[in-house]
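A.B. asks: Sharing a structure below in structure tokens format, with a few things to ask.
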Amino acid sequence: MGNQLFQYAAARAITLRTGAELSLDARSFARDPLRRRYALDRFPILAIRRDLVGWRRAFAEFPALWRVTRVTGWAPRVGGTRFLYDRMRGLDPRVQADAEHLILTGYWQDERYFLDALSTIAVELEPAARLSAKVRTLGDSLDTPGTLAIHVRRADFANASSPHGTCSAAYHADAVRFLREQSKLERIVVFTDDAAWVRSSLDLGQSFETFARAADRDDVDDLWLMSRCRMLVISNSSYSWWAARLAELRRAPGTTLVVCPSRWYRPSAGPIPHPAPERWHRVTAE
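Residue numbers for the sequence shown follow my numbering, so the first one is 440 and each next one is one higher.
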């Protein structure tokens, strides 16, 4: 979901500047190896579902084309259609290039793509009206000065082939120790996809609650719940990033405390910029 939120925000900002229509191609989820699904239908976004067809689809899905463009910087144009692939090297100014049709492929995980549109995007990524009464009540209980949300992301990140890698138990303990120096911690809630690891590995110096996936909550619910908290310790995950950023957008600047890992990717992933704002406190992830 975090990837989808970045993709939507970057593309939506372009449409706000240009007046263009935003279409989202979600066909690839039907064959996603991690069984991820399209998740933006839970948000009041302004976009339509429209899958690419014909030659545009064939071109966009041509094998290894994204890999080639990441190395070379090539941005192919066919008639009035520009294909732009995220090189994962930070802001690419070519998103502003004039084109009748602009097809974006990639992650676009740089806030500068949509900083000028944050007020609109924050409204469109607020799912509260579509949440259950039980989740909204729980969210109200988390919106207190002494409540800390921690997100522990493991799953495929724990695989040796993952470009991310996981954050250690020491990272979470150090992050909590830092926040305890800044504010009184009255309640700690850990959101995770690996409750067993959390219970066996985390020592945070005080008791905490563990929120794993449940039948009556999904990833949108948990994202919203984390964003209600005024202190967050996040993982090196785009989902974590959005929980923290949306939490900041809920209240006055400087009143939300965020701790993030100093390393977002493993060194083997290459020189991919860290997506966290400089104001977030960084703690060694190992």
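Glycine included, C-beta positions come from ideal geometry on N, C-alpha and C.
(1) On the criterion of 16 or more Cβ atoms from any shown chain inside 10 Å, does Asp632 qualify as buried, or is it exposed?
(2) State the Cα-Cα distance for the pair Gln645 and Asp480, rounded to the nearest angstrom.
(3) What's the gap between the Cα of Cys699 and the Cα of Glu725?
(4) So, for Ala614: in the same chain, excluding its five sequence neighbours on each side, which residues have a beta-carbon less than 7 angstroms away from its beta-carbon?
(5) Alpha carbon to alpha carbon, how far is Tyr678 from Pro515? Give it in angstroms, no decimals.
(6) Can the beta-carbon of Arg656 be found closer than 8 angstroms to that of Val574?
(7) Between which two residues does the beta strand (DSSP E) containing His713 stretch?
(8) Where does Gln535 land, buried or exposed, given buried means 16+ other C-beta within 10 angstroms?
(9) Classify Glu460 as helix, strand or coil using the three-state DSSP reduction.
(10) Around the Cβ of Asn598, are there at least 16 other Cβ atoms within 10 angstroms (buried) or fewer (exposed)?
(11) Quick one: is Val591 buried, meaning 16 or more other Cβ sit within 10 Å of its Cβ, or exposed?
(12) Buried or exposed: where does Arg638 fall if 16 or more other Cβ atoms within 10 Å of its Cβ makes it buried?
(13) Apart from the five residues just before and just after Phe445, which ones in its own chain have a Cβ nearer than 7 angstroms to its Cβ?
(14) Using beta carbons (cut-off 8 angstroms, strictly below), is Leu444 in contact with chain D?
(15) What residue range is occupied by the uninterrupted beta strand (DSSP E) comprising Val698?
(16) Does the pairing of the stretch 599–606 with the stretch 699–708 give three or more beta-carbon distances under 8 angstroms?
C.D. replies: Put simply:
(1) buried
(2) 38 angstroms
(3) 12 angstroms
(4) Val672, Val698 and Val722
(5) 31 angstroms
(6) yes
(7) His713 -> no beta strand (DSSP E), and no H or E assigned at all.
(8) exposed
(9) coil
(10) exposed
(11) buried
(12) exposed
(13) Tyr546, Trp547, Gln548 and Ser677
(14) In the structure shown, chain D cannot be found, because there is only a single protein chain.
(15) Leu696 to Pro700
(16) yes
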